[in-house]
Amino acid sequence: MSQLYLQSLPYQADSDTLLKLTGTLPGAICLDSGKTRRREARYDILSALPSIQLEQHRRPGTDRPVVYQRKMAHGRWQPLAQVDIHEAAELLLLAHQPSNAVQEALAHLPFTGGLLGWLAYPAGQDRRSGYRDNYLSDNAARLQSQPEAGIGLYHWALINDHHLQQCTLFILPDCPPRIRDTVLARMMLTQSQPPSSADFALTGEFSPLTSRRDYEQTFDRLKQYILAGDCYQANLAICFQADFQGDPLTAYLALRDQSRSPFSAFIRHGKNAILSLSPERFLSVRGQTVTTQPIKGTRRRLTDKQADAKVIEGLTNSVKDQAENLMIVDLMRNDLGKVCLTGSVKTPELFTLHSFSHVHHLISTVTGQLPADISPLNLLKHCFPGGSITGAPKIRAMQIISELEAVPRSIYCGSVFYLDFNGNMDSSICIRTLLCDEQRIFCWGGGGIVADSQFEREYQECHDKVMALMQTLEQLK
Numbered sequence: 001m002s003q004l005y006l007q008s009l010p011y012q013a014d015s016d017t018l019l020k021l022t023g024t025l026p027g028a029i030c031l032d033s034g035k036t037r038r039r040e041a042r043y044d045i046l047s048a049l050p051s052i053q054l055e056q057h058r059r060p061g062t063d064r065p066v067v068y069q070r071k072m073a074h075g076r077w078q079p080l081a082q083v084d085i086h087e088a089a090e091l092l093l094l095a096h097q098p099s100n101a102v103q104e105a106l107a108h109l110p111f112t113g114g115l116l117g118w119l120a121y122p123a124g125q126d127r128r129s130g131y132r133d134n135y136l137s138d139n140a141a142r143l144q145s146q147p148e149a150g151i152g153l154y155h156w157a158l159i160n161d162h163h164l165q166q167c168t169l170f171i172l173p174d175c176p177p178r179i180r181d182t183v184l185a186r187m188m189l190t191q192s193q194p195p196s197s198a199d200f201a202l203t204g205e206f207s208p209l210t211s212r213r214d215y216e217q218t219f220d221r222l223k224q225y226i227l228a229g230d231c232y233q234a235n236l237a238i239c240f241q242a243d244f245q246g247d248p249l250t251a252y253l254a255l256r257d258q259s260r261s262p263f264s265a266f267i268r269h270g271k272n273a274i275l276s277l278s279p280e281r282f283l284s285v286r287g288q289t290v291t292t293q294p295i296k297g298t299r300r301r302l303t304d305k306q307a308d309a310k311v312i313e314g315l316t317n318s319v320k321d322q323a324e325n326l327m328i329v330d331l332m333r334n335d336l337g338k339v340c341l342t343g344s345v346k347t348p349e350l351f352t353l354h355s356f357s358h359v360h361h362l363i364s365t366v367t368g369q370l371p372a373d374i375s376p377l378n379l380l381k382h383c384f385p386g387g388s389i390t391g392a393p394k395i396r397a398m399q400i401i402s403e404l405e406a407v408p409r410s411i412y413c414g415s416v417f418y419l420d421f422n423g424n425m426d427s428s429i430c431i432r433t434l435l436c437d438e439q440r441i442f443c444w445g446g447g448g449i450v451a452d453s454q455f456e457r458e459y460q461e462c463h464d465k466v467m468a469l470m471q472t473l474e475q476l477k
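UniProt numbering applies: residue 1 is where the sequence shown begins, and numbers increase by one.
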């Protein structure tokens, strides 16, 4: 067994060069603070070449998940018996724990090796919560065939710390020699041969998979459910699609230059890629403290400062947006209350204004204390998917969403996360997120619908939330 490899590298003000270096490797993942100056945007975490990979699929015609495992990036997939992906990932983490000395040497880092991955929205569904497999269109069938989750066990990572302006590479002693050699060879290229970007271009403009008329009919049907008392709020989304050629990594780098978000992520998964520009934290665990920060309340930013100030005033004083936000806060308090210690769930912040590159949001913060016998993965399983992108009550809202939306959500409204060997976890809600499926790219925009929601405003909000992303890609040549 090798020793722990720990090396300081030249600090990168942004991680473009590092991502170009690692992002072309199989299983590449970058958890990216998006070049922002926000307090939660301190670190970029990059890795690739997982030692072991897990994927979850759904058995056709049933709601039974099947988990597959393979070693290294090019091994053969083998089915695992009678486990879901959370259980399989938990077993991986326990079986590969490094020594206490190694963990202590890396304790100052946010990620010390362990699990990096993603859960698509259907990973949180079963028949009771509206799992559906009878979509008809070609695009829907494409999205339905995607894995529901992908998680890797990573024995190395690059950590770019923007507060201390330090860049650290570590390789754990248990890292397979072939991966170790590949990583060290790549790191030599940072100075001798800086990587260049490949081309990316859309071959047509984005088009919605739901027409304005169909969305209006769906919106009216959802309002009927709300007025009948089935739910108080439900999230309704529109999916947009375009064809492309080239490397999704180039698209991601262009997007992050235009849409700076603290929970951004790039993930290369086989022939596909996930490009996430999310502003929203789902669940964070540090020690035994759990934090979730749901977003409800959105306005598009304006370039004129006086006009934008009026937009901010309208958002912060909006009774409707505060009511929507409070519904989701109550839902998340309930979700955490089922897992956290009794009486430990608190709400330290309500309706706090957060401004991003293209939109303003209202964000609340809910915290709790995790019992010693509940793992972060169990917390993630019990709370997934997030309440801010389902509705309240959650199960009925999910049933209605599944009935009304024209295509599966796939990675949209799922989560990208890490869980390291020291028990630290952080995760996002996959809004402002695109999926590249071979030569086709999908993008979703949605919003929460309540009893007094207006069709025109909600329809426009679906477009506003992703307009900047789509325009950025349409301008790439």
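Heads up, the beta-carbon is just placed ideally off N, CA and C, and yes, glycines get one too.
Taking 8 Å as the threshold, find out whether the region 419-429 comes into contact with the region 198-211 through three or more Cβ pairs. no
Coarse secondary structure for residue 288, derived from DSSP in three states: What you label residue 288 is simply residue 288 of the sequence shown in a count that begins at 1. Residue state, collapsed to three classes: coil.
Since residue 338 is in the alpha helix (DSSP H), which residue starts that stretch and which ends it? For this step, residue 338 is matched to residue 338 along the sequence shown. Looking at the DSSP string, residue 338 is not in any alpha helix (DSSP H), and its letter there is neither H nor E.
Helix, strand or coil: which one does DSSP assign to residue 561? No answer is possible for residue 561: it lies beyond the span of the chain, which begins at 1 and ends at 477.
Using the Cα positions of residue 292 and residue 182, report the straight-line distance between them to the nearest angstrom. Locating residue 292 in the sequence shown gives position 292, where the first residue counts as 1. Locating residue 182 in the sequence shown gives position 182, where the first residue counts as 1. The straight-line gap from Cα to Cα measures roughly 37 Å.
Give me the Cα-Cα distance between residue 24 and residue 268, rounded to the nearest whole angstrom. Position 24 of the sequence shown, counting from 1, holds the residue named residue 24. Position 268 of the sequence shown, counting from 1, holds the residue named residue 268. Approximately 8 Å between the Cα atoms of the pair.
Quick check on this structure: which residue in 398, 297, 340 and 125 has the alpha carbon closest to the alpha carbon of residue 457? The residue you call residue 457 lines up with position 457 of the sequence shown. Taking only the C-alpha atoms, the option nearest residue 457 is 297.
In whole angstroms, give me the CA-to-CA distance for residue 401 and residue 295. What you label residue 401 is simply residue 401 of the sequence shown in a count that begins at 1. What you label residue 295 is simply residue 295 of the sequence shown in a count that begins at 1. Whole-angstrom Cα-Cα distance: 19 Å.
Return the chain-ordered list of same chain residues with a C-beta closer than 6 Å to the C-beta of residue 22, the five sequence neighbours on each side being excluded. Here residue 22 refers to the residue found at position 22 when the sequence shown is read from its first residue. 28, 46 and 48, listed in sequence order.
If we require 4 or more residues per run, which alpha helix (DSSP H) segments fall completely within the region 428-454? none
Can you give the Cα-Cα distance for residue 290 and residue 369, rounded to whole angstroms? Along the sequence shown, one-based indexing puts residue 290 at 290. Along the sequence shown, one-based indexing puts residue 369 at 369. For residue 290 and residue 369, the distance between alpha carbons rounds to 6 Å.
For a minimum of 3 consecutive residues, which ranges assigned as the beta strand (DSSP E) are wholly contained in the region 76-134? 78-80 and 114-119
Since residue 258 and residue 472 are thought to touch, with beta carbons under 8 Å apart, how far apart are those beta carbons, to the nearest angstrom? For the purposes of this step, residue 258 is identified with residue 258 of the sequence shown, where counting begins at 1. For the purposes of this step, residue 472 is identified with residue 472 of the sequence shown, where counting begins at 1. That pair is a contact at about 5 Å.
For a test of the three-state rule: what should DSSP assign to residue 70, helix, strand or coil? Indexing the sequence shown from 1 puts residue 70 at position 70. DSSP places residue 70 in strand when its eight states are reduced to three.
Considering only the beta carbon of each residue, do residue 230 and residue 43 sit closer than 8 Å? Position 230 of the sequence shown, counting from 1, holds the residue named residue 230. Position 43 of the sequence shown, counting from 1, holds the residue named residue 43. No, the Cβ-Cβ distance between residue 230 and residue 43 is not below 8 Å.
Over what stretch of residues does the alpha helix (DSSP H) that includes residue 416 continue unbroken? Translated into the one-based positions of the sequence shown, residue 416 becomes position 416. Element bounds for residue 416: not the alpha helix (DSSP H) but the beta strand (DSSP E), 415-420.
Rounded to whole angstroms, what is the Cα-Cα separation between residue 156 and residue 171? Along the sequence shown, one-based indexing puts residue 156 at 156. Along the sequence shown, one-based indexing puts residue 171 at 171. Going by the C-alpha atoms only, they are around 4 Å apart.
So, for residue 51: in the same chain, excluding its five sequence neighbours on each side, which residues have a beta-carbon less than 6 Å away from its beta-carbon? Position 51 of the sequence shown, counted from the start, is the residue given in the question as residue 51. Hits under 6 Å: 153, 155 and 176.
By how many angstroms is the C-alpha of residue 124 removed from the C-alpha of residue 384? By 1-based counting over the sequence shown, the position of residue 384 is 384. By 1-based counting over the sequence shown, the position of residue 124 is 124. About 6 Å.
Cα separation between residue 393 and residue 74? Sequence index remark: in the sequence shown, residue 393 carries index 393 (1-based). Sequence index remark: in the sequence shown, residue 74 carries index 74 (1-based). Using only the alpha carbons, I get a separation of about 43 Å.
Since residue 396 and residue 366 should fall inside the 8 Å C-beta cutoff, what is the C-beta to C-beta distance between them, to a whole number of angstroms? Here residue 396 is taken as the residue at index 396 of the sequence shown, counted from 1. Here residue 366 is taken as the residue at index 366 of the sequence shown, counted from 1. So it is not a contact: roughly 21 Å between Cβ atoms.
Drop a sphere of 10 angstroms on the beta-carbon of residue 199, count the other beta-carbons inside from all chains shown, and report buried for 16 or more, exposed for fewer. Stepping through the sequence shown from its first residue, residue 199 is reached at position 199. Counting Cβ neighbours within 10 Å, residue 199 comes out exposed, since fewer than 16 surround it.
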